[in-house]
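> In our numbering, the protein residues as written are 1 to 459.
Beta carbons: idealized from backbone N, C-alpha and C, even for Gly.
The structure displayed is predicted, hence computed values, not measured ones.
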Amino acid sequence: LLHARDGVLREVARRPLHGAGTRFSPLLYELPGAHVILAADASPFPLCFEARTLAKTAQEQRAVLLYVNALGLQDKGKTVYTFAGSAQAFRADGTRALITPAYKDGVTIVDTAALPTPSDRPAEPAIAPIYRTLRYAVRKFLARIHMKRVVIGISGGIDSAVAAALYVDAIGAENVLLVNMPSKFNSATTKGLAAQLAKNLGCRHMIVPIEESVSYTAKQLSEIPIEGAAAAPGERLTISSFVRENMQARNRSGRVLGTIAAAWDAGFTCNGNKAETTVGYATLYGDLAGFLCALADLWKYQVYDLARYLNEHVYGRETIPQGIIDIVPSAELSDAQNVDEGKGDPIRYPYHDYLFRAFVEADRNPEDILTHYADDDLEAYIGCEKGLVKTYFPTAEDFITDLEHWWGIYRGMAVAKRIQSPPLLSVSGRAYGSDYPESQIGAYETIAYRALKEKLLHK
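1. Can you tell me which of the three DSSP states D435 falls into?
2. Figure out for me which residue from R132, A126, D376, I409 has the closest Cα to the Cα of F393.
3. Which residue spans inside the segment 118-172 form an unbroken alpha helix (DSSP H) run of at least 4?
4. Rounding to the nearest angstrom, what Cα-Cα distance links Y285 and S253 in this structure?
5. Between P129 and T82, what straight-line distance do the alpha-carbon atoms span, to the nearest angstrom?
6. For Y444, which of helix, strand or coil comes out of DSSP?
7. Check each candidate in V303, Y136, Y216, T79 and name the one with the smallest Cα separation from L71.
8. Roughly how many angstroms separate the alpha carbons of Y67 and K417, rounded to a whole number?
9. Have a look at S421, L193, D111, I239 and flag the residue whose alpha-carbon is nearest the alpha-carbon of A460.
10. Should the segment 369-385 be regarded as contacting the segment 397-416, the criterion being three or more beta carbon pairs within less than 8 Å?
11. Leaving out the 5 sequence neighbours to the left and right, which residues in its chain are closer than 6 Å to N200 when beta-carbon positions are compared?
12. Determine whether the beta carbon atoms of I127 and L306 lie at a separation below 7 Å.
13. Which residues share a DSSP beta bridge with D41?
14. Can you list the beta strand (DSSP E) stretches of 3 or more residues lying completely in the segment 203-260, in chain order?
15. Kindly list the residues whose CB is nearer than 8 Å to the CB of Y436, restricted to its own chain and excluding five residues on each side of it in sequence; keep chain order.
16. Could you have a look at D75 and say whether DSSP puts it in helix, strand or coil?
17. Check whether the segment 319-331 touches the segment 447-459, counting contact only when three or more Cβ pairs, one atom from each stretch, lie closer than 8 Å.
18. Hey, A424 and T79 are a contact pair by Cβ (cut 8 Å); roughly how many whole angstroms apart?
19. Are I210 and S183 close, meaning C-beta to C-beta below 7 Å?
20. So who's on the other strand from G342, going by DSSP bridges?
21. Of all the options Q440, L47, N271, which has the alpha carbon lying nearest to the alpha carbon of I154?
22. Keeping to the same chain, check which residues put their C-beta closer than 7 Å to that of G342; ignore five residues upstream and five downstream.
23. Identify whether Q59 lies in helix, strand or coil by the three-state DSSP scheme.
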């Protein structure tokens, strides 16, 4: 922390500028009257100081405040952080006089005695800084690992479409190969949307059907006898429909994308979002595989926001087909997920996005959630649309069954999946990985939760 008075620059302390929360350290308020405060920060997006905090500090100290932040990329374990730079200057009255573009280096010279008159900055969508962060991080991460090209599996769904549009924007269409891998469960609708996406982006595009290879593997494994002293006579594996669902995901990633990436001298991406990551709605060694998961810190609603932003503000046209934005989210792994019949994923994103966000980013547990359900203010508490809870869960039993189901998965098998997941880009301040250390100890219920549950179920 530096301050200047009468033209003399003095170092006051080498300690963090902020203590608890986002306020500057009390040390600042013990200084003799400074004319200029220089605040040098090294905080990743989005944890760098907000403009209102800087403005308030300048106003309280009646001093010009100059703020600089680090610029670059840093990973800690599997979590990849970005530092946005973006220097700012504030007048002593708290008005911002200058802000430099995020994720661009350079030198800006300012006269603290005659700061420039600020120009009005147009309001932008909340997803805009997240887009800039993801684009910068993708480019820097690929450069760091000396990877020039990527292979992306596209299904005709929203996550893979947004990933494809993001990578094309970041590294160019010539460096992206899109692969659609339909099975008998993939509809003509989603296959057509995937082809349209590839055409709109101007990428190389392959269609690799997987039905034959999945059927062959299932037949082969079910016919080979299990041998050994512990085996029953004629014992064989039963390949259930559920096992076949996961076989499709592993066939796509491990066999098709892995081989194509190796042949094309590229890496293949993981396209999962934060809701799926939270409850492990992905297949180990299948769609959970990849060299990087760019969207793993975005909730599903943010993925949709990013799709619209890419169309409207980045490409300036309908690059991601509107049909992809409108269609029900579905893995299309069985007849139960037929998009043409309106069937899709078991996650009800308009509600579960916000429930899962409460678990992860606000450390809420079932007791907190059930308490607010009982008080009839849960939607306001977690931030979802009013009326959804009654629509999705007509009875307390329905609600509790859903809550315990997802909490158990989130604290159970999903932890093991997250530990084995690819590196991810942090954009929330509470990303999985280094931001969110976990132990595989399973789910728990508090005594108060059990008591409230019994009360609600026996009303």
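Looking at the coordinates:
1. If you number the sequence shown from 1, residue 435 lands on position 435. In this structure, D435 counts as coil in the three-state DSSP scheme.
2. In the sequence shown, residue 393 corresponds to position 393, counting from 1. The option with the nearest alpha carbon to F393 is D376.
3. Annotation: the segment 118-172 contains the following complete segments of the alpha helix (DSSP H) (minimum length 4 residues), in chain order: 128-144, 158-171.
4. Looking up residue 285 in the sequence shown gives position 285. Looking up residue 253 in the sequence shown gives position 253. Distance between the alpha carbons of Y285 and S253: 7 Å.
5. Against the sequence shown, residue 129 aligns to sequence position 129. Against the sequence shown, residue 82 aligns to sequence position 82. P129 and T82 have their C-alpha atoms roughly 12 Å apart.
6. For this step, residue 444 is matched to residue 444 along the sequence shown. Reduced to three states, the DSSP call for Y444 is coil.
7. Counting from one through the sequence shown, the residue named residue 71 turns up at place 71. With distances taken between Cα atoms, L71 lies closest to Y136.
8. In the sequence shown, residue 67 corresponds to position 67, counting from 1. In the sequence shown, residue 417 corresponds to position 417, counting from 1. The alpha-carbon atoms of Y67 and K417 are separated by roughly 40 Å.
9. Outside the displayed range of the chain (1 to 459) lies residue 460, so it cannot be described from this structure.
10. With the cut-off at 8 Å, the segment 369-385 and the segment 397-416 touch.
11. Mapped onto the sequence shown, residue 200 falls at position 200. These residues qualify, in order along the chain: T319.
12. Stepping through the sequence shown from its first residue, residue 127 is reached at position 127. Stepping through the sequence shown from its first residue, residue 306 is reached at position 306. In contact: I127 and L306 (Cβ atoms closer than 7 Å).
13. Here residue 41 corresponds to residue number 41 of the sequence shown, with the count starting at 1. Bridge partners of D41: N69.
14. Listed in chain order, they are 204-207.
15. Walking along the sequence shown from the start, residue 436 turns up at place 436. Within the same chain, Y436 has close Cβ partners V360, R430.
16. Locating residue 75 in the sequence shown gives position 75, where the first residue counts as 1. Of the three classes helix, strand and coil, the one that applies to D75 here is strand, per DSSP.
17. Segments in contact, no.
18. Here residue 424 is taken as the residue at index 424 of the sequence shown, counted from 1. Here residue 79 is taken as the residue at index 79 of the sequence shown, counted from 1. The sequence given here places Leu at residue 424; Ala does not occur at that position. Contact holds; Cβ gap of about 6 Å.
19. The sequence position of residue 210 within the sequence shown is 210, counting from 1. The sequence position of residue 183 within the sequence shown is 183, counting from 1. Taking 7 Å as the Cβ cut-off, I210 and S183 qualify as a contacting pair.
20. In the sequence shown, counting from the first residue as 1, residue 342 sits at position 342. Per DSSP, none; premise fails for G342.
21. Looking up residue 154 in the sequence shown gives position 154. With distances taken between CA atoms, I154 lies nearest to N271 out of Q440, L47, N271.
22. Working through the sequence shown from its first residue, we reach residue 342 at position 342. Cβ neighbours of G342 beyond the five flanking positions: V328.
23. Numbered from its first residue, the sequence shown carries residue 59 at position 59. Collapsing the DSSP output to three states places Q59 in a helix.
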